[in-house]
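Numbering (the numbering used here), first residue to last: 86 to 446.
A virtual CB, placed ideally from N, CA and C, is assigned to each residue, including glycine.
Being a predicted model, the structure only gives us computed values, none of them experimental.
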């Protein structure tokens with residue numbers, strides 16, 4: 086290995102060649118100036134990083150899914166800390182980034198802190214045999230810190246309280262997870278109450294592996310967008326070419342969606358999904374600015390960010406955003422750190438000019 090070789094430690098989670106990494110790994114392995122060591126986070130110890138042959142031009146690339154179980158996530162966080170403070174090597178999507186990625190509740194706070202819009206959201210802490218708290222997500226961070234914790238109640242009452250403030254239809258989402266795993270939709274208060282009074286409540290509360298749930302307003306007629314970024318800049322902007330059917334729940338949440346009754350829904354806008362189509366578009370400067378602000382705050386080197394655009398008016402006002410109107414109707418709801426750029430054969434281009442722009446940014 087020459088002194089000019091970049092040594093990359095590719096930290097994965099037991100899937101050495103996942104389809105979303107396959108092309109970038111193939112490209113890097115064919116680059117004579119790069120040498121890659123694959124490191125399985127499920128088996129690794131601190132010494133394994135050192136034994137990868139670190140040099141002054143080493144780089145740790147964190148590709149561990151933020152949807153992994155809490156035990157693995159805790160170890161990955163400690164490993165990233167070790168690489169940063171003990172080995173002094175740069176990390177792609179490192180400690181701060183991975184912390185944010187592992188918590189949708191924290192992502193919601195990031196969106197609020199940056200003054201951006203999001204669906205009406207409450208955070209519910211699940212307590213085993215004890216009290217629960219609900220946290221109201223507001224634009225003013227000081228208000229969140231000062232007034233966010235409501236009176237402790239049992240888990241069922243906490244969820245009902247959050248749902249009453251958010252309004253229906255709504256989604257109950259686990260704090261950590263991918264591809265919509267564990268998300269449940271309730272169209273009415275009656276549906277939620279039926280689930281909470283039946284064995285369904287066990288499924289609702291057990292969907293969270295860290296004791297945190299998000300109760301979030303569901304905008305059924307929204308259009309969904311996903312923006313991929315790399316090195317702090319927007320690379321590809323796409324619209325998912327499906328809508329949620331207001332009656333069936335099908336669409337962006339998958340063909341096995343539900344019109345309610347608390348049934349699971351399968352949200353999947355993964356770039357490698359064969360069931361979705363992406364239409365490239367040229368985002369306005371404000372979108373570039375908002376995405377880049379999120380990326381800078383999170384310290385993210387690559388990934389994607391998702392938002393929805395809601396109709397002009399609904400029964401809760403534009404966006405249903407904490408009692409305020411969101412002029413641009415963009416509601417951010419997910420910050421992904423694991424995403425790679427989408428496969429080109431899954432993207433439609435509305436013009437050859439736009440195709441060339443993405444081919445030669």
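Self-check item: Sub-8 angstroms separation of residue 93 and residue 134 beta-carbons
Solution: Going by C-beta atoms, residue 93 is not nearer than 8 angstroms to residue 134.
Self-check item: CB contact flag (residue 385, residue 323, <8 angstroms)
Solution: Taking a C-beta distance under 8 angstroms as the contact criterion, residue 385 and residue 323 do not qualify as a contact pair.
Quiz item: Are the Cβ atoms of residue 254 and residue 303 separated by less than 8 angstroms?
Solution: Their beta carbons are under 8 angstroms apart, which means residue 254 touches residue 303 by this criterion.
Exercise. Can you give me the start and stop residues for the alpha helix (DSSP H) that residue 246 sits inside?
Key: For residue 246, the enclosing alpha helix (DSSP H) begins and ends at 240-251.
Self-check item: 8 angstroms CB neighbourhood of residue 372 in its chain, flanking five on each side removed
Solution: Excluding positions up to five away in sequence, the list reads 312, 319, 322 and 415.
Self-check item: Integer-rounded CB distance, given that residue 297 should sit under 8 angstroms from residue 244
Solution: Not really, about 12 angstroms apart at Cβ, beyond 8 angstroms.
Self-check item: Assigned exposure category for residue 363 - 16 Cβ within 10 Å defines buried
Solution: The C-beta of residue 363 has 16 or more other C-beta atoms within 10 Å across all chains shown, which makes the residue buried.
Quiz item: Where does the unbroken alpha helix (DSSP H) through residue 365 begin, and where does it stop?
Solution: Premise fails: residue 365 lies in the beta strand (DSSP E), 363-365, not in any alpha helix (DSSP H).
Quiz item: So which of 132, 281 and 267 has the shortest CA-CA distance to residue 295?
Solution: Looking from the CA of residue 295, the closest CA among 132, 281 and 267 belongs to 267.
Self-check item: 6 angstroms Cβ shell around residue 383 - same chain, five flanking residues per side excluded
Solution: Take residue 383, set aside five residues on each side of it, and the residues of its chain with a beta-carbon closer than 6 angstroms to its own are 182 and 185, in chain order.
Quiz item: residue 121 and residue 114 look like a contact to me (Cβ under 8 angstroms); what is the Cβ gap, rounded to whole Å?
Solution: With a Cβ gap of about 6 angstroms, residue 121 and residue 114 count as contacting.
Exercise. Look at the alpha carbon of residue 271 and the alpha carbon of residue 160, and state the distance between them as a whole number of angstroms.
Key: Distance between residue 271 and residue 160, taken at the CA atoms: about 35 angstroms.
Exercise. Mind checking which residues open and close the beta strand (DSSP E) that includes residue 394?
Key: Where residue 394 is concerned, the enclosing beta strand (DSSP E) stretches over 387-394.
Quiz prompt | Rounded straight-line distance, which links the Cα of residue 393 to that of residue 423 | solution = The C-alpha of residue 423 lies about 20 angstroms from the C-alpha of residue 393.
Quiz item: Below 8 angstroms between beta carbons: does that hold for residue 448 and residue 281?
Solution: The chain is shown from 86 up to 446; residue 448 falls before or after that span and cannot be answered.
Practice problem: Compute the distance between the beta-carbons of residue 146 and residue 118, then report whether it is under 8 angstroms. | Solution: Not closer than 8 angstroms, so no.
Quiz item: If you draw a straight line from the alpha carbon of residue 317 to that of residue 90, how long is it in whole angstroms?
Solution: In this structure, the straight-line span from the alpha carbon of residue 317 to that of residue 90 is close to 24 angstroms.
Quiz item: When you compare only the Cα positions, how much space is there between residue 367 and residue 130?
Solution: Answer to the nearest angstrom: the Cα atoms are 44 angstroms apart.
Exercise. Please check the pair residue 251 and residue 205, which I expect to be a contact at CB under 8 angstroms, by giving their CB distance rounded to whole angstroms.
Key: Right, the Cβ-Cβ distance comes to about 5 angstroms (below 8 angstroms), so this counts as a contact.
Quiz item: Between residue 201 and residue 417, is the Cβ-Cβ spacing less than 8 angstroms?
Solution: For the pair residue 201 and residue 417, the CB atoms are nearer than the 8 angstroms cut-off.
Quiz item: On the three-state DSSP scale, how would you describe residue 114?
Solution: Assigned with DSSP and collapsed to three states, residue 114 falls in helix.
Quiz item: For the putative contact between residue 261 and residue 187, defined by C-beta atoms under 8 angstroms, what is the C-beta separation to the nearest angstrom?
Solution: Yes, they are in contact, since the Cβ atoms of residue 261 and residue 187 sit about 6 angstroms apart, within 8 angstroms.
Self-check item: residue 189, buried or exposed, once every other Cβ within 10 Å from all chains shown has been counted against 16
Solution: Burial check for residue 189: the Cβ neighbour count within 10 Å reaches 16 or more, so the residue is buried.
Quiz item: Beta carbon of residue 144, beta carbon of residue 174: below 8 angstroms?
Solution: Going by C-beta atoms, residue 144 is nearer than 8 angstroms to residue 174.
Quiz item: What separation, rounded to the nearest whole angstrom, lies between the Cα atoms of residue 358 and residue 203?
Solution: Per-residue confidence for residue 358 stands at a pLDDT of 46, beneath the threshold of 50, marking its modelled position as unreliable; no derived number is given.
Self-check item: Rounded separation between residue 370 and residue 136 - CA only
Solution: Annotation: residue 370 to residue 136 spans about 45 angstroms, alpha carbon to alpha carbon.
Exercise. Grab the span of the beta strand (DSSP E) containing residue 381 for me, first residue to last.
Key: Careful: residue 381 lies outside any beta strand (DSSP E), inside the alpha helix (DSSP H) at 370-383.
Quiz item: Which of the three DSSP states, helix, strand or coil, is assigned to residue 310?
Solution: Looking at residue 310 - three-state DSSP - the assignment turns out to be strand.
Quiz prompt | Heavy atom of the ligand PLP within 7 angstroms of residue 420 beta-carbon | solution = The model depicted lacks the ligand PLP and carries no ligand whatsoever.
Quiz item: Where does residue 108 sit, in a helix, a strand or coil, going by DSSP?
Solution: Of the three classes helix, strand and coil, the one that applies to residue 108 here is helix, per DSSP.
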